[in-house]
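Colleague: Have a look at the structure that comes next, please.
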Amino acid sequence: MVALLTVIIMVARLHTYDEPLERDLATYAVIAHGLRDGRALYSDLWDHKPPAIHVTYWAAEVVAGFGPGSVYLLGVLAAVATLLGVLGAGRTRRLGVVTGLWAAAFWAVAAGDLTLQGNQPNTEVFLNACLIWAFALLAGMRASKADRARVIVAGALLALATLYKPVVAVCAAFLVGAHVASPPGGAPGRRRALADGALIVAIGVATWMFVVGYFALTRRLADFAGAVFTYNGFYADTLVWNLLQGLAPWNLLPGAMVSLLPLVTVSLLGLTLVRWNQVPRETVLLLAMAASVLVAIAAPGKFYAHYYQLWLPVVAVGAAWALAALDRLAGAGARLLHTGGMLLVGVLAMIQLPSYTLSADGWAQTKYGAIVVDTERTARVIEGLLRPGETFYHWGSESGLYFYTGRKPPTGALFIEPLLEGPCAQALSRRVLADLAHDPPELVVIRPQPGAGSLPAHPVVRWILSQYRPLPDRLQPYQFVLLARAGGALEGRLARLARVP
C-alpha cells in the first residue's frame with residue numbers, strides 16, 4: 111500500500127515536472143547553485159529565509175544537478191517523508207496500521223493540490239515532514255517506559271523546522287505544552303513529560319546557538335541577523351493584528367482550502383465523538399497541532415495559498431481518526447472505516463483529477479498568473495542575446511530568469527522588495543550598486559511593476575538609466591524591458607546586425 115501511494119506521488123509530480131518555477135523556488139535553487147560556487151549566504155547571496163531551505167536545495171543539486179531534476183527530487187522526497195509520518199501518526203491512537211494507511215492515502219491524494227500549490231517544494235512541504243514526524247513520535251509514547259530516543263528525534267525535527275521558518279516555533283511550543291498537559295500515563299507521568307519538554311527546548315536552543323555561532327565565526331552574524339530577524343520583523347509587521355486577521359472567515363477558510371473541505375468536515379465530525387471529560391492524549395496533541403497551525407499561518411500576516419499546506423497532515427490524520435471512531439461506535443462488522451475511507455478517497459480524487467487535464471504551464475498560470483511562464487520564455491530570449499560568460503542583471507523579483515539561463519547573478523540580492531523599503535534597503539542598495547559598478551553586466555532586464563506609472567526614483571534605477579539603453583521594440587519580450595550596456599559588446603553586436611541589409 112505504501113509503495114502504491116509513493117508511486118502515485120511520483121507520477122503526479124511528473125505531470126508538472128516542467129512547470130515554470132515561481133520566485134521562491136527559483137530563488138532557493140539559484141542561491142543553492144551560488145553556494146556550490148563558493149558564494150556566501152547572507153553576506154553575498156541575500157534572502158530573508160533561514161539557512162535550512164538553502165542547504166536543502168544545495169544538497170538536492172549535489173545529487174540531481176542544477177535544474178528541474180533537483181526540484182522534482184525534493185518534491186517527491188518531502189511528500190514521501192510526510193506520507194510515512196502521516197502513516198505513523200494515523201496509527202498512534204491505538205487504532206492500528208489500517209487507520210494509518212487511510213490517513214496516508216488521504217495525504218497522498220490531496221498533497222499535490224493545485225490551489226494549495228502543493229506539487230512543488232516550497233518551505234511548507236519540509237515543515238510538514240518535520241512536524242508530522244515530531245507529532246507521531248510524541249503521540250506514540252507510552253507510560254510503560256521512558257523513550258528518550260523518541261524525544262531527542264522529535265526535538266531535533268522541531269528544531270530543524272524552525273530553521274526552515276522560525277514562526278513554527280509556535281508548533282513546537284504547542285506540542286510540548288500538550289505533551290506536558292496530557293502526559294503518557296496521565297498525571298503520574300507529568301514529571302517525565304516535563305523532562306521531555308525541557309530536553310526538546312534544550313535541543314532547539316542548542317541548534318540555534320550552533321547556527322548563530324557558525325555565522326559569528328565566519329563573520330557574517332550581522333548579515334544573518336539583519337536578514338532573518340530584522341527584515342522579517344519588518345516583513346511581518348504587527349503580530350497581534352496579524353493574529354486577529356487570521357480569525358477572519360476569509361483567512362480561516364480561504365478559497366485555497368476548498369479542496370480540503372471533505373477532510374476538514376470529517377475531522378470536525380470526529381470531534382463531536384470525543385468524550386470531553388476524558389479526552390485521549392493523542393487528540394490533545396492533534397488539537398494543539400491544529401491550534402499552532404492557525405497561529406503559524408496568521409503570524410506573518412500574508413496568508414499566501416501555500417501557507418495552508420500546513421493543514422494537510424492535520425486533517426488527513428483527523429479524518430482517519432474520525433472514521434475509525436465511527437467504525438468503533440457502529441460495532442463489529444460495520445466496516446465504516448473502509449467504506450468511509452474509500453468514499454473519501456474517491457471524493458478527493460474527483461476534486462484533484464481535473465487539475466491534471468492542464469499542462470504544466472497551465473498549472474503555473476493558474477497558481478501565479480502569466481508572469482511565471484513569461485519569465486521562462488524571456489530567459490530563452492536572453493540566452494539568444496548573450497554570449498557565454500556574459501551576464502545580465504534583473505531589476506525585479508523574477509529570479510527564474512537566472513534559473514532558466516543558468517547565468518551567475520552579478521549581485522546577490524535577487525529581488526527588489528528589500529531594496530525599496532525596510533531596514534535593509536540602504537545597505538542592500540549600496541551593495542547592489544557596488545557589485546554592478548565593479549563588473550557591469552551586458553544586459554539589464556526590468557519588469558515594470560503592475561500599476562506603476564514609472565520606475566521608482568531609486569539609486570540603482572538611476573545608475574541603470576545612465577549606463578544602459580533600451581533594445582529595439584522587436585526584441586522586447588512579454589512583460590519585461592531589456593536594456594544593453596552603452597558601448598558594450600551586446601550593443602555593438604546589435605548595431606552590426608541592424609546595418610546588415
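Here the sequence shown is numbered in the numbering used here, starting from 111 and rising by one per residue. Every residue, glycine too, gets a C-beta built ideally from N, C-alpha and C.
Which of helix, strand or coil does DSSP assign to F502?
Modeller: Stepping through the sequence shown from its first residue, residue 502 is reached at position 392. Strand at F502.
Colleague: Rounded to a whole number of angstroms, what is the C-alpha to C-alpha distance between L524 and V277?
Modeller: Counting from one through the sequence shown, the residue named residue 524 turns up at place 414. Counting from one through the sequence shown, the residue named residue 277 turns up at place 167. Rounded to the nearest angstrom, the two C-alpha atoms are 23 angstroms apart.
Colleague: Are V425 and V389 closer than 7 angstroms when you measure CB to CB?
Modeller: Position 315 of the sequence shown holds residue 425. Position 279 of the sequence shown holds residue 389. No, they are not a contact pair.
Colleague: If you reduce the DSSP assignment to three classes, tell me which class Y182 lands in.
Modeller: Within the sequence shown, numbered from 1, the residue matching residue 182 stands at position 72. Helix.
Colleague: Output the boundary residues of the beta strand (DSSP E) element that contains V619.
Modeller: Here the chain comprises residues numbered 111 to 611, so residue 619 is not present and cannot be evaluated.
Colleague: Between the C-alpha atoms of G177 and A139, what's the straight-line distance to the nearest angstrom?
Modeller: For the purposes of this step, residue 177 is identified with residue 67 of the sequence shown, where counting begins at 1. For the purposes of this step, residue 139 is identified with residue 29 of the sequence shown, where counting begins at 1. One C-alpha to the other measures close to 8 angstroms.
Colleague: Quick one: Cα of V207 to Cα of L197, how far?
Modeller: Start at 1 with the first residue of the sequence shown, and residue 207 comes out as number 97. Start at 1 with the first residue of the sequence shown, and residue 197 comes out as number 87. If you take the alpha carbons of V207 and L197, they lie about 8 angstroms apart.
Colleague: How would you call H143, buried or exposed, if buried means at least 16 neighbouring beta carbons within 10 angstroms?
Modeller: On the sequence shown, residue 143 is found 33 positions in, with the first residue counted as 1. Flag for H143 reads buried.
Colleague: Relative to the C-alpha of Y152, which residue among T209, G250, I310, Y324 is closest?
Modeller: On the sequence shown, residue 152 is found 42 positions in, with the first residue counted as 1. For Y152, the nearest C-alpha among the options comes from Y324.
Colleague: Looking at C-alpha atoms only, which residue of F284, T467, R329 is the closest neighbour of A150?
Modeller: Here residue 150 is taken as the residue at index 40 of the sequence shown, counted from 1. Out of F284, T467, R329, R329 has the C-alpha closest to the C-alpha of A150.
Colleague: Please identify the residue among W431, P533, L565, V570 whose C-alpha is closest to the C-alpha of D545.
Modeller: Numbered from 1 along the sequence shown, position 435 holds the residue referred to as residue 545. With distances taken between Cα atoms, D545 lies closest to V570.
Colleague: Looking only at its chain, what residues have a beta carbon closer than 7 angstroms to the beta carbon of A562, apart from the 5 residues adjacent to it on each side?
Modeller: Position 452 of the sequence shown, counted from the start, is the residue given in the question as residue 562. With a pLDDT of 48 at A562, under the threshold of 50, the modelled position of this residue cannot be trusted, and the question is left open.
Colleague: Between E527 and G506, what straight-line distance do the alpha-carbon atoms span, to the nearest angstrom?
Modeller: Counted from its first residue, the sequence shown places residue 527 at position 417. Counted from its first residue, the sequence shown places residue 506 at position 396. Distance between the alpha carbons of E527 and G506: 8 angstroms.
Colleague: Confirm, please, whether the CB-CB distance from G299 to P231 is below 7 angstroms.
Modeller: Residue numbering aside, residue 231 sits at position 121 when the sequence shown is read from its first letter. Residue numbering aside, residue 299 sits at position 189 when the sequence shown is read from its first letter. Result no, Cβ atoms of P231 and G299 do not sit closer than 7 angstroms.
Colleague: Considering only the beta carbon of each residue, do R258 and P294 sit closer than 7 angstroms?
Modeller: Looking up residue 258 in the sequence shown gives position 148. Looking up residue 294 in the sequence shown gives position 184. R258 places its beta carbon 7 angstroms or farther from that of P294.
Colleague: Report yes or no: do three or more beta-carbon pairs, one from the region 469–483 and one from the region 127–134, lie closer than 8 angstroms?
Modeller: Touching, per the Cβ criterion.
Colleague: The alpha helix (DSSP H) that contains L371, what's its start and end?
Modeller: Numbered from 1 along the sequence shown, position 261 holds the residue referred to as residue 371. It spans 371–381 - the alpha helix (DSSP H) in which L371 sits, taken as one unbroken run.
Colleague: Going by CA-CA distance only, name the one from W386, R391, W243 that's closest to A288.
Modeller: By one-based count along the sequence shown, residue 288 stands at place 178. The shortest C-alpha separation from A288 is found at R391.
Colleague: Can you name the start and end residues of the alpha helix (DSSP H) that A282 belongs to?
Modeller: For this step, residue 282 is matched to residue 172 along the sequence shown. Note, A282: alpha helix (DSSP H), 279–291.
Colleague: Please classify A474: does DSSP put it in a helix, a strand, or coil?
Modeller: By one-based count along the sequence shown, residue 474 stands at place 364. A474: helix per DSSP, three-state reduction.
Colleague: Going by alpha carbons, who is nearest to A470 out of V591, Y182, D134?
Modeller: Taking the first residue of the sequence shown as position 1, residue 470 is located at position 360. Check the Cα spacing between A470 and each of V591, Y182, D134: the tightest is with Y182.
Colleague: Indicate the three-state DSSP secondary structure (helix, strand or coil) for A562 in the structure shown.
Modeller: For the purposes of this step, residue 562 is taken as residue 452 along the sequence shown, with counting starting at 1. Low local confidence applies: a pLDDT of 48 at A562 is under 50, so the model's placement there is unreliable, with the coordinate-based value given in what follows. A562 falls in the coil class under three-state DSSP.
Colleague: Where V542 and L309 are concerned, what is the direct C-alpha to C-alpha distance, given to the nearest angstrom?
Modeller: On the sequence shown, residue 542 is found 432 positions in, with the first residue counted as 1. On the sequence shown, residue 309 is found 199 positions in, with the first residue counted as 1. Their Cα atoms are separated by approximately 43 angstroms.
Colleague: Grab me the residues of A162's own chain with a C-beta within less than 8 angstroms of its C-beta, minus the 5 sequence neighbours each way, in chain order.
Modeller: One-based indexing of the sequence shown puts residue 162 at position 52. Closer than 8 angstroms at Cβ, skipping near neighbours: F236, L270, L273, Y274.
Colleague: Is the CB-CB distance between L581 and V555 below 7 angstroms?
Modeller: If you number the sequence shown from 1, residue 581 lands on position 471. If you number the sequence shown from 1, residue 555 lands on position 445. Taking 7 angstroms as the Cβ cut-off, L581 and V555 do not qualify as a contacting pair.
Colleague: My understanding is that A221 touches S369, with C-beta atoms under 8 angstroms, so please give their C-beta distance in whole angstroms.
Modeller: The residue given as residue 221 occupies position 111 in the sequence shown. The residue given as residue 369 occupies position 259 in the sequence shown. Contact between A221 and S369 does not hold, since the beta-carbon distance rounds to 11 angstroms and is not under 8 angstroms.
Colleague: Are three or more beta carbon pairs between the region 451–465 and the region 238–245 nearer than 8 angstroms?
Modeller: no
Colleague: Round the Cβ separation of A264 and L115 to the nearest angstrom and send it over; I've been treating them as touching at under 8 angstroms.
Modeller: Reading the sequence shown from its first residue, position 154 is the one you call residue 264. Reading the sequence shown from its first residue, position 5 is the one you call residue 115. So it is not a contact: roughly 24 angstroms between Cβ atoms.
Colleague: Check whether the Cβ atoms of P587 and P551 lie closer than 7 angstroms to each other.
Modeller: Reading the sequence shown from its first residue, position 477 is the one you call residue 587. Reading the sequence shown from its first residue, position 441 is the one you call residue 551. No.
Colleague: Count Cβ pairs between the region 413–427 and the region 397–405 that sit closer than 8 angstroms; are there 3 or more?
Modeller: In short, these stretches touch, since the Cβ pair count reaches three.
Colleague: Can you tell which of D437, V394, D484 has its C-alpha closest to the C-alpha of G451?
Modeller: Translated into the one-based positions of the sequence shown, residue 451 becomes position 341. For G451, the nearest C-alpha among the options comes from D437.
Colleague: Going by DSSP in three states, L349 sits in which element: helix, strand or coil?
Modeller: If you number the sequence shown from 1, residue 349 lands on position 239. Of the three classes helix, strand and coil, the one that applies to L349 here is helix, per DSSP.
Colleague: I need the boundaries of the alpha helix (DSSP H) containing L538, first residue and last residue.
Modeller: Position 428 of the sequence shown, counting from 1, holds the residue named residue 538. Note, L538: alpha helix (DSSP H), 535–548.
Colleague: With which residues is W156 paired in a DSSP beta bridge?
Modeller: Here residue 156 corresponds to residue number 46 of the sequence shown, with the count starting at 1. BP columns for W156 point to A523.
Colleague: Just curious, the alpha helix (DSSP H) that Y578 is in, first and last residue?
Modeller: Locating residue 578 in the sequence shown gives position 468, where the first residue counts as 1. Segment 578–580 is the beta strand (DSSP E) holding Y578; no alpha helix (DSSP H) there.
Colleague: Go to L592, then tell me how far its beta strand (DSSP E) extends in each direction, as first and last residue.
Modeller: As a first step, residue 592 must be located in the sequence shown, where it is residue number 482. According to the DSSP assignment, L592 belongs to the beta strand (DSSP E) that extends over 591–595.
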